[in-house]
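This report refers to the structure that appears directly beneath it.
2 protein chains.
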Amino acid sequence: MSQRSALLLPSWRPGPVRDAVVGFLEAARDVAVVDRVAYFDNDGTLWCERPSYVQLDFFLDALRKRVEANPSSGERDEFAAVLSGDAAAIAGIGLERIALALAGLFDGLTPEEFASATRAFMATAKHNSLGRPLRSVTYQPMLELIDELRRREFTVGIVTGGGTEFVRAISDDLYRVPAELVVGTLIGYDFTRDEGDRPVIRRTSSILGAANEGATKVTNIQTQLGRRPILAAGNSGGDREMLEWALATDGPALALLINHDDAEREFQYTSKAQTLVETEPITDVGTRLGWTIVSMARDWDVVFPPESGS
Amino acid sequence: MSQRSALLLPSWRPGPVRDAVVGFLEAARDVAVVDRVAYFDNDGTLWCERPSYVQLDFFLDALRKRVEANPSSGERDEFAAVLSGDAAAIAGIGLERIALALAGLFDGLTPEEFASATRAFMATAKHNSLGRPLRSVTYQPMLELIDELRRREFTVGIVTGGGTEFVRAISDDLYRVPAELVVGTLIGYDFTRDEGDRPVIRRTSSILGAANEGATKVTNIQTQLGRRPILAAGNSGGDREMLEWALATDGPALALLINHDDAEREFQYTSKAQTLVETEPITDVGTRLGWTIVSMARDWDVVFPPESGS
Chain A
2 MSQRSALLLP SWRPGPVRDA VVGFLEAARD VAVVDRVAYF DNDGTLWCER PSYVQLDFFL
62 DALRKRVEAN PSSGERDEFA AVLSGDAAAI AGIGLERIAL ALAGLFDGLT PEEFASATRA
122 FMATAKHNSL GRPLRSVTYQ PMLELIDELR RREFTVGIVT GGGTEFVRAI SDDLYRVPAE
182 LVVGTLIGYD FTRDEGDRPV IRRTSSILGA ANEGATKVTN IQTQLGRRPI LAAGNSGGDR
242 EMLEWALATD GPALALLINH DDAEREFQYT SKAQTLVETE PITDVGTRLG WTIVSMARDW
302 DVVFPPESGS
Chain B
2 MSQRSALLLP SWRPGPVRDA VVGFLEAARD VAVVDRVAYF DNDGTLWCER PSYVQLDFFL
62 DALRKRVEAN PSSGERDEFA AVLSGDAAAI AGIGLERIAL ALAGLFDGLT PEEFASATRA
122 FMATAKHNSL GRPLRSVTYQ PMLELIDELR RREFTVGIVT GGGTEFVRAI SDDLYRVPAE
182 LVVGTLIGYD FTRDEGDRPV IRRTSSILGA ANEGATKVTN IQTQLGRRPI LAAGNSGGDR
242 EMLEWALATD GPALALLINH DDAEREFQYT SKAQTLVETE PITDVGTRLG WTIVSMARDW
302 DVVFPPESGS
């Protein structure tokens with residue numbers, strides 16, 4: 002390996018996966034700049050999603066504050082289940098209904114107020130078990146890949162199942178991805194006017210369109226971003242169609258799947274991909290479809306970035 | 002005026018309007034880069050919309066080709082009206098229903114096929130009366146403003162009532178605005194698979210959400226772009242809320258309204274703004290609300306760019 006290549010992606014261990022990534026980067030030199038487009042899933046792909054989604058931690062924190070101020074507000078079924086941590090009750094109600102109820106805590110806020118609340122939480126919140134601030138549970142090798150892509154004139158976006166506005170509030174700080182390159186699950190807005198008759202928009206509690214997972218990620222990329230990726234990275238069944246779509250382009254393309262097989266440094270779990278006939282591990286789907294499967298345990302020299310002074 | 006300032010925006014004539022624009026640019030030096038955001042309407046703001054929208058010319062061209070190949074396809078009411086140019090019939094059916102029927106001509110196309118068709122048309126099509134290629138009916142002073150904004154680290158987007166994908170197909174060439182910074186009226190996509198089981202998306206003939214006009218421009222900016230503008234430019238009632246929203250920010254802000262008062266070099270017409278109680282000229286609304294009203298006749302030294310060899 003040349004010295005120049007050794008300086009690339011320093012947290013990626015030598016081996017076939019790193020070779021595939023570097024090979025793609027080199028091949029992409031021949032791709033027109035307008036077509037150099039890379040999209041990343043967020044939870045479990047760019048940062049840790051266990052034991053719970055960071056956004057859920059944020060929502061729970063808001064719920065606890067609400068209940069502290071007004072105890073009866075915790076009596077709603079969805080809130081009672083999640084506050085008690087009763088897994089059976091949570092499963093019975095379903096995470097989607099709970100997430101929607103929690104999103105309703107921010108009903109009526111302006112986008113700026115919601116972003117401020119997100120940033121205030123992220124400034125101090127810690128991960129439950131990793132012993133580091135939530136803002137540094139990002140994956141160092143993926144940060145290096147994003148930086149390298151941008152150095153090579155790629156447009157880098159985030160295509161997440163999480164809340165668009167939650168991710169936008171932190172995407173510039175964490176990944177230097179601007180708001181317009183974040184596509185996620187969207188809450189609608191009401192257009193209204195303040196007492197001075199000036200326009201104001203306020204969050205509603207209804208989802209606009211569908212949750213941004215599966216085939217919806219593909220159609221949302223087209224409608225909201227307008228360019229298809231030649232690199233897509235994910236870690237779960239919800240990323241399947243996006244990764245397949247990236248590989249279906251002519252010319253150099255890369256579908257990266259993060260396999261969480263590192264119980265020691267992060268977590269060990271396998272996502273399932275729902276297909277018409279069966280439910281199979283997403284890693285098996287990826288192997289069958291020619292994706293590059295990243296083993297956290299084998300392919301990453303470090304998982305998390307050095308902690309900045311907090 | 003300093004020499005440096007005289008080099009700015011060379012096609013803008015000295016006077017209060019140019020002073021307001023330059024004053025805003027200077028004041029924006031104190032705005033954080035992340036908040037330096039400018040959105041422009043397209044038809045009538047960045048390029049000529051008379052005697053018909055360029056997109057409508059493109060749709061009509063596609064219709065004529067369709068009818069040439071298959072004469073009976075022109076019998077549909079919407080098509081017959083528009084092919085005959087019968088103003089009463091067109092008004093009776095309504096431009097929105099006609100536009101939707103015309104958009105249906107591209108039903109089933111992939112985004113790439115639609116973009117190719119758009120670009121092929123724009124490569125050779127001429128304006129009906131201006132005697133120049135359609136790709137150069139852009140306004141030179143606005144191109145200079147966009148360039149100057151970008152030089153000052155502004156993010157520049159297009160927020161149009163026209164079709165998102167039509168504008169995206171030409172926005173990079175005409176304005177160097179990337180696809181993800183174009184927000185317009187959206188046609189939905191179907192996610193499907195080809196014979197090799199690879200994902201393909203194809204245009205439908207239904208509009209996603211509402212036409213991108215009025216208050217919808219504001220909520221679509223938030224959901225699709227995620228940052229509010231401190232400069233918004235438009236020319237019609239459909240731009241009103243976006244311009245008001247830009248001016249409702251704290252700090253430096255500019256709402257620019259293009260007044261088409263130049264029958265000699267372009268066209269002379271006044272758009273109406275629909276309000277709850279009355280219909281008044283949008284220029285009157287703008288004057289009342291403190292917008293900067295650009296008189297094409299008075300404030301622009303040239304209207305169109307020098308024609309490149311065609």
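In the order they appear, the protein sequences are chains A and B.
Residues are numbered in the numbering used here as their position in the first sequence, beginning at 1, plus a constant of 1.
Residues are numbered in the numbering used here as their position in the second sequence, beginning at 1, plus a constant of 1.
We put the CB at the ideal spot given by N, CA and C, even for glycine.
**Study point:** Where Lys66 of chain A falls, given that 16 or more other Cβ within 10 Å makes a residue buried
**Key:** Residue 66 of chain A sits at position 65 when you count from the first residue of the first sequence. Exposed.
Point to revise | C-beta contact flag for Ala39 of chain B and Pro230 of chain B at 8 Å | key: Taking the second sequence and counting its residues from 1, the one referred to as residue 39 of chain B is at position 38. Taking the second sequence and counting its residues from 1, the one referred to as residue 230 of chain B is at position 229. Cβ distance < 8 Å, so Ala39 of chain B and Pro230 of chain B count as in contact.
**Study point:** Pairwise C-alpha distance: Arg204 of chain B and Glu114 of chain B
**Key:** What you label residue 114 of chain B is simply residue 113 of the second sequence in a count that begins at 1. What you label residue 204 of chain B is simply residue 203 of the second sequence in a count that begins at 1. Taking the straight line from one Cα to the other gives about 10 Å.
Exercise for review: Have a look at B:Val23, B:Val18 and B:Thr220 and flag the residue whose alpha-carbon is nearest the alpha-carbon of Leu8 of chain B.
Suggested key: Position 7 of the second sequence holds residue 8 of chain B. Comparing Cα positions, the closest option is B:Val23.
Review point. Are there 16 or more other CB atoms within 10 angstroms of the CB of Val34 of chain B, so buried, or fewer, so exposed?
Key: For the purposes of this step, residue 34 of chain B is taken as the residue at position 33 of the second sequence. Per the 10 Å Cβ criterion, exposed.
Exercise for review: Indicate the three-state DSSP secondary structure (helix, strand or coil) for Arg320 of chain B in the structure shown.
Suggested key: Outside the displayed range of chain B (2 to 311) lies residue 320 of chain B, so it cannot be described from this structure.
Exercise for review: Classify Asp300 of chain B as buried or exposed, calling it buried when 16 or more other Cβ atoms lie within 10 Å of its own Cβ.
Suggested key: As a first step, residue 300 of chain B must be located in the second sequence, where it is residue number 299. Of the other Cβ atoms in all chains shown, 16 or more fall within 10 Å of the Cβ of Asp300 of chain B; this residue is therefore buried.
Check your understanding: chain A beta carbons: is any one of them nearer than 8 Å to that of Ala180 of chain B?
Key -> Translated into positions along the second sequence, residue 180 of chain B becomes position 179. By this cut-off, Ala180 of chain B is an interface position.
Review point. To the nearest angstrom, how far is it from the Cα of Gly162 of chain B to the Cα of Ala92 of chain A?
Key: As a working mapping, residue 162 of chain B is identified with position 161 in the second sequence. As a working mapping, residue 92 of chain A is identified with position 91 in the first sequence. Their Cα atoms are separated by approximately 44 Å.
Practice item. Using the Cα positions of Pro142 of chain A and Val219 of chain A, report the straight-line distance between them to the nearest angstrom. Key: Position 141 of the first sequence, counted from the first residue, corresponds to residue 142 of chain A. Position 218 of the first sequence, counted from the first residue, corresponds to residue 219 of chain A. Roughly 25 Å between the two C-alpha positions.
Check your understanding: In three-state terms, what does DSSP make of Thr139 of chain B?
Key -> Here the question's residue 139 of chain B lines up with position 138 in the second sequence. Thr139 of chain B falls in the strand class under three-state DSSP.
Review point. Is Phe268 of chain B helix, strand or coil by DSSP?
Key: The residue labelled residue 268 of chain B in the question sits at position 267 within the second sequence. The answer is coil: DSSP assigns Phe268 of chain B none of H, G, I, E or B.
Exercise for review: Excluding the 5 residues preceding and the 5 following Arg152 of chain B in the sequence, name in chain order all residues of the same chain whose CB lies nearer than 6 Å to its CB.
Suggested key: Counting from 1 along the second sequence, the entry for residue 152 of chain B is found at position 151. Closer than 6 Å at the Cβ level, and outside the excluded window around Arg152 of chain B, lies no residue.
Review point. Relative to the C-alpha of Glu214 of chain A, which residue among A:Arg241, A:Gly287, A:Gln225 and A:Ala233 is closest?
Key: Position 213 of the first sequence holds residue 214 of chain A. Selected option, being the one with the closest Cα: A:Arg241.
**Study point:** Gln225 of chain A: contacting residues in chain B (beta-carbon distance under 8 Å)
**Key:** Here the question's residue 225 of chain A lines up with position 224 in the first sequence. Chain order gives the chain B residues near Gln225 of chain A as Glu181 and Gln225, where near means a beta carbon separation below 8 Å.
Check your understanding: Can you tell me where the beta strand (DSSP E) with Gly24 of chain B in it begins and where it stops?
Key -> Here residue 24 of chain B refers to the residue found at position 23 of the second sequence. Per DSSP, Gly24 of chain B is not a residue of any beta strand (DSSP E); the alpha helix (DSSP H) it occupies stretches across Pro17 to Ala28.
Check your understanding: Between the C-alpha atoms of Asp198 of chain A and Ser12 of chain A, what's the straight-line distance to the nearest angstrom?
Key -> What you label residue 198 of chain A is simply residue 197 of the first sequence in a count that begins at 1. What you label residue 12 of chain A is simply residue 11 of the first sequence in a count that begins at 1. Distance between the alpha carbons of Asp198 of chain A and Ser12 of chain A: 54 Å.
Check your understanding: Apart from the five residues on each side of it in sequence, which residues of its chain come closer than 6 Å, Cβ to Cβ, to Val68 of chain B?
Key -> Residue 68 of chain B sits at position 67 when you count from the first residue of the second sequence. For Val68 of chain B, where only same-chain residues beyond five positions count, the Cβ hits under 6 Å are Ser74 and Gly75.
Check your understanding: Within 10 angstroms of its Cβ, does Gly235 of chain A collect 16 or more other Cβ (buried), or is it exposed?
Key -> Here the question's residue 235 of chain A lines up with position 234 in the first sequence. Per the 10 Å Cβ criterion, buried.
Practice item. Mind checking who Asp44 of chain A pairs with in its DSSP beta bridge? Key: Position 43 of the first sequence, counted from the first residue, corresponds to residue 44 of chain A. Looking at the DSSP assignment, Asp44 of chain A forms a beta bridge with A:Trp48.
Practice item. Would you kindly report the start and end of the unbroken beta strand (DSSP E) that includes Pro282 of chain A? Key: Sequence index remark: in the first sequence, residue 282 of chain A carries index 281 (1-based). Its beta strand (DSSP E) spans residues Thr280 to Pro282.
Review point. Can you find a CB in chain B that lies within less than 8 Å of the CB of Phe122 of chain A?
Key: Residue 122 of chain A sits at position 121 when you count from the first residue of the first sequence. No, Phe122 of chain A lies away from the interface with chain B (no Cβ there is under 8 Å from its Cβ).
Exercise for review: Starting from Arg37 of chain B, find everything on chain A with Cβ-Cβ shorter than 9 Å and list it in chain order.
Suggested key: Stepping through the second sequence from its first residue, residue 37 of chain B is reached at position 36. Those within 9 Å of Arg37 of chain B in chain A number zero; the least Cβ separation is about 11 Å.
Point to revise | Straight-line Cα distance separating Ala118 of chain B from Glu124 of chain B | key: For the purposes of this step, residue 124 of chain B is taken as residue 123 along the second sequence, with counting starting at 1. For the purposes of this step, residue 118 of chain B is taken as residue 117 along the second sequence, with counting starting at 1. The question names Glu, yet the displayed sequence has Ala at residue 124 of chain B. Cα-Cα distance, rounded: 10 Å.
Exercise for review: Output, in chain order, the set of chain B residues within a Cβ distance shorter than 8 Å of Thr156 of chain A.
Suggested key: Within the first sequence, numbered from 1, the residue matching residue 156 of chain A stands at position 155. The answer, in chain order, is Pro179 and Glu181.
**Study point:** Distance, Pro15 of chain A Cα to Met2 of chain A Cα
**Key:** Reading the first sequence from its first residue, position 1 is the one you call residue 2 of chain A. Reading the first sequence from its first residue, position 14 is the one you call residue 15 of chain A. Unreliable placement is indicated for Met2 of chain A, whose pLDDT of 46 sits below 50; no coordinate value is reported for it.
Review point. Given Val83 of chain B, which residues of its chain have a CB within under 8 Å of its CB, disregarding the five upstream and five downstream residues?
Key: Against the second sequence, residue 83 of chain B aligns to sequence position 82. Leu61, Leu64, Ile91, Ile99 and Leu103.
Exercise for review: Could you spell out the range, first to last residue, of the alpha helix (DSSP H) harbouring Asp167 of chain B?
Suggested key: Taking the second sequence and counting its residues from 1, the one referred to as residue 167 of chain B is at position 166. Contrary to the premise, residue 167 of chain B reads as Phe rather than Asp in this sequence. Where Phe167 of chain B is concerned, the enclosing alpha helix (DSSP H) stretches over Thr165 to Tyr176.
Exercise for review: Quick one: measure Cβ to Cβ for Ala121 of chain B and Leu135 of chain B, integer angstroms, because I've assumed they're closer than 8 Å.
Suggested key: As a working note, residue 121 of chain B is residue 120 in the second sequence. As a working note, residue 135 of chain B is residue 134 in the second sequence. With a Cβ gap of about 12 Å, Ala121 of chain B and Leu135 of chain B do not count as contacting.
Check your understanding: Which residue or residues does DSSP assign as beta-bridge partners of Leu317 of chain A?
Key -> No information on residue 317 of chain A is available, as it lies outside the stretch 2 to 311 that chain A covers here.
Exercise for review: Would you kindly check if the distance between the Cβ of Leu150 of chain A and the Cβ of Val160 of chain A is under 8 Å?
Suggested key: For the purposes of this step, residue 160 of chain A is identified with residue 159 of the first sequence, where counting begins at 1. For the purposes of this step, residue 150 of chain A is identified with residue 149 of the first sequence, where counting begins at 1. No. Outside cutoff.
Check your understanding: For Ile91 of chain A, which residues does DSSP report across the bridge?
Key -> Start at 1 with the first residue of the first sequence, and residue 91 of chain A comes out as number 90. Its beta-bridge partners do not exist; DSSP assigns none.
Review point. When the cut-off is 8 Å and only beta carbons count, does Thr220 of chain A lie next to chain B?
Key: Translated into positions along the first sequence, residue 220 of chain A becomes position 219. Closer than 8 Å to some Cβ of chain B, the Cβ of Thr220 of chain A qualifies, so yes.
Point to revise | Pro134 of chain B, DSSP secondary structure in three states | key: The residue you call residue 134 of chain B lines up with position 133 of the second sequence. Strand.
Check your understanding: So is Asp173 of chain A in contact with chain B if we call contact Cβ pairs under 8 Å?
Key -> Translated into the one-based positions of the first sequence, residue 173 of chain A becomes position 172. Closer than 8 Å to some Cβ of chain B, the Cβ of Asp173 of chain A qualifies, so yes.
Check your understanding: Terminal residues of the continuous alpha helix (DSSP H) containing Ile99 of chain B?
Key -> Sequence index remark: in the second sequence, residue 99 of chain B carries index 98 (1-based). It spans Leu96 to Ala104 - the alpha helix (DSSP H) in which Ile99 of chain B sits, taken as one unbroken run.
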